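First the structure, in the form of structure tokens, and then the observations on it.
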Amino acid sequence: MANNTTTAPQLIEDQVKGVLVEPLEAASVVLQAGPTMFNSSEPLRIKTLEDGFNPGIVGENELIPDDGEATFGEIKLMPTERKSIKAIIRTSNELIRQSTVGVSQTLQARLVKDVATKLDNELLSGTGASDGITGLLNQPGLETAPISFTDTDPYLDALAAMAAKEITPNRFILNGTDFFELRKIKDADGRYIMSGGPAEGTPYKLFEIPVTITNKLARGKGILANMNDIAIVRDIDPQVTILTERYAEYDQVGIRVTTRYDLGLLRTDSVLLLDTEEA
């Protein structure tokens with residue numbers, strides 16, 4: 001039997017928001033780090049200021065210089081050829097009927113987890129190949145600073161490098177194993193030099209900068225960024241469709257999810273890559 005709009009009912013916008021959009025934002029390590037979000041299903045062009053101008057000091061009734069001209073650039077996101085993240089989850093009707101605990105929550109959790117994992121991999125490490133997302137690690141024009149597993153000074157040096165450009169970073173994104181190696185560092189009295197964390201009811205921090213921990217980054221890789229200058233475009237029309245007939249011969253129901261994202265930088269100098277291989 002062919003699948004069509006009659007046999008494959010699609011969840012309405014409010015349902016999709018509750019089932020996919022909001023849980024995905026909470027589950028994704030990149031989305032929850034606070035980037036600037038745009039909602040669009042069409043190609044999006046964002047103007048950026050490349051070069052400013054030099055204002056003059058002008059007195060009363062004096063001529064105001066008019067030789068200043070701002071130079072604007074542009075980043076283009078969510079092109080029509082940008083590919084989507086898609087998945088189908090199948091489950092048997094027996095499981096749905098016989099489960100003593102609602103299976104919908106389990107399916108939703110699995111759907112969100114799998115999509116969030118794929119999305120984070122793309123937002124962090126995507127190469128842009130085959131019309132995919134170009135992730136943070138592969139954005140053009142980024143500088144790289146050395147870091148260490150056994151010394152926190154290189155992280156302070158990275159902060160100093162950004163401060164020299166008058167940029168205030170608000171997020172470290174680090175590999176989990178690397179971060180906890182850093183947390184083992186003690187002072188001369190044998191006390192851990194770093195504090196914070198869930199046990200103390202506060203986020204992990206490094207030099208008072210919040211730290212996002214993820215296994216989506218390889219060991220020795222990290223990111224220091226002002227997340228406000230990272231633009232992420234979210235398709236305004238994600239779809240979650242219940243496939244009631246496609247797997248009827250197996251007495252199964254399918255859930256199909258389709259969503260699109262894209263990423264770009266409003267300022268390239270607001271992102272500093274961290275790498276132990278640079279040390």
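Under UniProt numbering, the sequence shown has 133 at position 133, and the numbering climbs by one with no breaks.
For glycine and all other residues, C-beta sits at the position ideal for the given N, C-alpha and C.
Keep in mind the model is a prediction, meaning the values are calculated, not measured.
Under DSSP, residue 278 takes part in no beta bridge, so it has no partner. For residue 82 and residue 240, the gap between their C-alpha atoms comes out near 19 Å. Remark: three or more beta-carbon pairs, one from each stretch, lie closer than 8 Å, so the stretch 155-173 and the stretch 216-230 are flagged as touching. Across the structure, residue 43 and residue 234 are spaced so that their CA atoms are roughly 11 Å apart. Between residue 179 and residue 211, the C-beta spacing is below 8 Å. Within the stretch 46-102, the alpha helix (DSSP H) runs of at least 4 residues that lie entirely inside it are, in chain order, 93-98.
Distance check between residue 243 and each of 112, 27, 40 and 253 places 253 closest, using alpha-carbon atoms only. Residue 264 and residue 54 have their C-alpha atoms spaced approximately 28 Å apart. Only residues of its own chain outside the window of five on either side were considered, and among them 146, 147 and 148 have a CB closer than 6 Å to the CB of residue 154, listed in chain order. Under the rule that a run must span 3 or more residues, no beta strand (DSSP E) segment is found entirely inside the stretch 102-132. Under the rule that a run must span 3 or more residues, the beta strand (DSSP E) segments found entirely inside the stretch 134-168 read 143-146.
Secondary structure of residue 178 (DSSP, three-state): helix. Bridge partners of residue 221 according to DSSP: 275. The shortest CA-to-CA distance from residue 24 to any of 110, 206, 188 and 132 is the one to 110. For residue 45, the number of other beta carbons within 10 angstroms of its own is below 16, and it is reported as exposed.
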